[in-house]
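Numbering (full-length UniProt numbering), first residue to last: 1 to 192.
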């Protein structure tokens, strides 16, 4: 009889311990998965040499945020930055905002940042910045675009976890330069 009570006690403690462990693991996995997402969204994945293309920096917050900063790395032999403008991520709060378009050079766009001036914050996904890129002339190839040094500030001015989604854009030879039809093939054959 005493042996049966001890066995039931051990089984009960084991079940409680197992349930506690499962609850802790479930909590940790749900908090570890939460992160604000920053996505590079080009208007197209392909562009012709010499043309412009737009690259949006879209933020999907998982909490209230009030500021962000980032750098961007890319192949400077293929693309140049033509301009950087503020999106509507922070202006949707109705408050004044501060925005710095950063500095460009050597395949890098550095120190782009923005924030809400005042005590407001946002949690609705929107575009933080729009980057206009110019595909260099006389080149072909693919450039990867990488977000670096990304920091997002919560409404309490604390950094939040971030998940990044980078992209690539390919430059192709302009269609107007390619020979067309039978005559084009003949010219291409003669010229090599």
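C-beta: ideal position from N, C-alpha, C; glycine also.
Buried or exposed: residue i, going by 16 or more other Cβ atoms within 10 Å of its Cβ?
i           : result
residue 147 : buried
residue 129 : buried
residue 169 : buried
residue 77  : exposed
residue 93  : buried
residue 102 : buried
residue 196 : Absent from the structure is residue 196, since the part of the chain shown begins at 1 and ends at 192.
residue 190 : exposed
residue 97  : buried
Run through the DSSP bridge pairs and tell me what residue i is partnered with.
i           : result
residue 47  : 171
residue 56  : 41, 130
residue 103 : 110
residue 76  : Bridge partners of residue 76: none, in fact.
residue 116 : 97
residue 143 : 169
residue 91  : None; residue 91 has no bridge partner.
residue 123 : None, per the DSSP bridge assignment.
residue 190 : None, per the DSSP bridge assignment.
residue 159 : 153
residue 66  : DSSP output for residue 66 lists no bridge partner at all.
residue 82  : Per DSSP, none; premise fails for residue 82.
residue 35  : BP columns for residue 35 are empty, so no partner.
Alpha carbon to alpha carbon, what distance is there between residue j and residue i?
i           : j           : result
residue 174 : residue 38  : 31 Å
residue 64  : residue 70  : 18 Å
residue 138 : residue 35  : 41 Å
residue 153 : residue 126 : 16 Å
residue 167 : residue 120 : 31 Å
residue 157 : residue 85  : 24 Å
residue 162 : residue 113 : 15 Å
residue 143 : residue 81  : 13 Å
residue 106 : residue 91  : 31 Å
residue 87  : residue 99  : 10 Å
residue 141 : residue 58  : 25 Å
residue 46  : residue 151 : 29 Å
residue 159 : residue 149 : 12 Å
residue 131 : residue 111 : 13 Å
residue 104 : residue 79  : 11 Å
Just to confirm, are residue i and residue j a CB contact at a threshold of 7 Å?
i           : j           : result
residue 133 : residue 55  : yes
residue 42  : residue 123 : no
residue 116 : residue 95  : yes
residue 155 : residue 66  : yes
Are the C-beta atoms of residue i and some chain E residue less than 7 Å apart?
i          : result
residue 98 : Note that chain E does not occur in the displayed structure, where there is just one protein chain.
Mind reading off the beta-carbon distance from residue i to residue j? Whole number of angstroms is fine, and I expect it under 8 Å.
i           : j           : result
residue 48  : residue 172 : 6 Å
residue 165 : residue 40  : 7 Å
residue 50  : residue 135 : 6 Å
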